[in-house]
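Letter by letter, the sequence shown follows residues 373 to 474 of the working numbering. The beta-carbon is built from N, C-alpha and C at its ideal position, and this holds for glycine as well. The structure presented is a predicted model; accordingly, all values stated were derived computationally and were not measured. Report on the structure given below.
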Amino acid sequence: MSFSKRIELVQFWAYLFTDTLSGGLAYAALHIVRKVHVEPIRFGQEVAIKFDSKFFLGLVLTSLVFLGISGLSGIYRDLARKSRLTLVFNTVASVMITALLL
């Protein structure tokens, strides 16, 4: 395998890892905000923050939806030749689509 192909493979896995991590962190942050700020106002009492199977299912599904939309928009294709400005615009567009879907 050539050096440039190895670099592109490392970039691909780095993008997948960071996108999965950011999707999971975003879901966890919104879950905590909902449990700490939104639900006490709505229900009139404090709600316990539980990291149960439903939380982890939502975490995984949210990350997979984000990765799927990013993959369909072409973010992971030909990483070495991408314009960084185009990449930023594609990322913002895919985040907006993901936010509307979720």
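Span of the alpha helix (DSSP H) around V467: R456 to L473
In whole angstroms, give me the CA-to-CA distance for L457 and S445. 15 angstroms
Would you say the stretch 447-464 touches the stretch 404-420, given that touching needs at least three Cβ pairs under 8 angstroms? no
Pairwise C-alpha distance: P412 and L439: 32 angstroms
Measure the CB-CB distance between S435 and G396 and report whether it falls below 7 angstroms. yes
Got a sec? Which residues, its chain only, sit under 8 angstroms from L459 by beta carbon, not counting five neighbours each side? I447
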